[in-house]
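Numbering (full-length UniProt numbering), first residue to last: 1 to 465.
Note that the Cβ used here is the ideal one computed from N, Cα and C, for glycine as well.
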Ligand code: ATP
Ligand code: MG
Ligand code: MG
Ligand code: MG
């Protein structure tokens, strides 16, 4: 089954079961300024779950475009290292707003996997929250799931909450066993972090309202929110272990290979580039531009990281924007907004590539020389700051290079160097020469203008992060 067929099979199944199909919302949340990016299917339904917004349906299903590259959920560091994480992915979800609860949610999920998709039960593993006897009974007694492929887990993975207060509740997760030749133990075991058992679906049962003092009160109308990664499911259905080997990603990996000259399609830089083009293209489609703050800085960091991986493969000319065409071929039908913005996305990426090309090569040379001569395994904060300040290397880019060589970066030292720079900028501007002072900044600090200090009427330069 192709990714496109899976998207459709999922939506069709839930529509057949009285769910209303709702199109993906943008990756920039429309109703939540506190959230950097849409990181789950439930985000666009948040107010409905809270009872603050009424919809004319109580069951919904969607394929939501998600980004986990900043804030509470950040999988940026996992990309290129695990078989299952992306900065951008599609979350298949079904939702009940005070309609059905645990029993039906479990029945739907099991039916979809084992009957619609015909996955063998022996390959699936189920977890519940350790205190959720109700869900456990449904799985073991009603659904007949084997206790040998079942475990109870703690709150870290199996209890969900919207925030410190408000709706929360236990989860039940379904994993797929990719077989003994992949390292890793079953969920709940000491070596669960491996990639043998891959989590595919999370069913969240919104059961309680948590008050400020921690008391849990049962919600009058409990709800359901589920999320399943399309790419992980596609890997299962296509008989591959690694998400980057599915149809959709292979098209991008091949294009990246063509553009960089790297022939080995399992090369991790090709995977990183293929991952990053998706998050960058959709972020721009949804209205973000590279900048030095907030979402725009997350975007800039991801673009620069992708460019650095291209450079690592020997490509120092702009290439990244040329992947947009392939992405549109793969995803433009499911996301017409992407197809519509293609030209704009290409332009923005190309500009950022040209801009970074001016400093990337010199910055990399400096870093290489430093690494060749350094003692120990920690790149010092001043070096990381120089790369940031003069060459536009976001700190995570330097850390990414370091990790490839089994090195780390002194991030605290980097922070101190940044603070010292600000301090110098502040005092320089207090000499009254601020109007003439030229302070070079790149990275997260941006000069926005001058202002008169209230205390001594001196002129100060104003920067924002
Ligand atoms: P993991 O433990 O593998 O990091 P998670 O528990 O953080 O996953 P959830 O928050 O439960 O994930 O999200 C629901 C589903 O979305 C997951 O079961 C998985 O299929 C998918 N998913 C989550 N994060 C990613 C990601 N970074 N890339 C691809 N799919 C993801
Ligand atoms: Mg995770
Ligand atoms: Mg998990
Ligand atoms: Mg989970």
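Going by DSSP in three states, residue 50 sits in which element: helix, strand or coil?
coil
Opposite residue 199 in the DSSP bridges: which residues?
175
For the beta strand (DSSP E) that contains residue 64, what are its first and last residues?
59-67
Separation of residue 240 from residue 34, as counted between CA atoms
37 Å
By Cβ distance, which residues of its chain are closer than 7 Å to residue 383, with the 5 residues on each side in sequence left out?
370
Just the Cα atoms here: how many angstroms apart are residue 352 and residue 297?
12 Å
Buried versus exposed, by CB contacts within 10 Å (16 or more), residue 185:
exposed
Using 8 Å as the threshold, is the segment 377-395 in touch with the segment 301-317, meaning 3 or more CB pairs across them?
yes
Should residue 230 and residue 368 be called a contact, given that it needs their Cβ atoms to be closer than 7 Å?
no
Should residue 180 be labelled buried (16 or more other beta-carbon atoms within 10 Å of its own) or exposed?
exposed
Helix, strand or coil: how does DSSP classify residue 362 here?
helix
Does residue 15 pass the burial test, meaning 16 or more other C-beta atoms within 10 Å, or should it be called exposed?
exposed
Please indicate yes or no: does the CB of residue 319 lie closer than 6 Å to some heavy atom of ligand 1?
no
For residue 366, which of 76, 131 and 401 has the nearest alpha-carbon?
401
Do the segment 1-15 and the segment 28-44 make contact, defined as three or more Cβ pairs closer than 8 Å?
no
Under a three-way DSSP split, which group does residue 414 fall into?
helix
I'd like the list of long-range same chain contacts for residue 77, defined as Cβ closer than 6 Å, with 5 residues on each side in sequence excluded.
none
Assign residue 41 to one of two classes, buried (16 or more other C-beta atoms within 10 Å of its C-beta) or exposed (fewer than that).
buried
Relative to the alpha-carbon of residue 174, which residue among 332, 242, 145 and 162 has its alpha-carbon at the smallest distance?
145
Taking 6 Å as the limit, tell me which residues put their C-beta closer than that to any heavy atom of ligand 3, in chain order.
157 and 199
Out of 71, 143, 207 and 189, state which residue places its alpha-carbon closest to the alpha-carbon of residue 159.
207
Along the chain, where does the beta strand (DSSP E) containing residue 219 start, and where does it finish?
216-229
Inspect the beta-carbon positions of residue 19 and residue 59 and report whether they are closer than 7 Å.
yes
Whole beta strand (DSSP E) runs in the segment 305-390 with 3 or more residues, listed along the chain?
none
Less than 7 Å between the C-beta atoms of residue 282 and residue 65, yes or no?
yes
My assumption, with CB atoms under 8 Å, is that residue 13 sits in contact with residue 116. Please give the rounded CB distance.
6 Å
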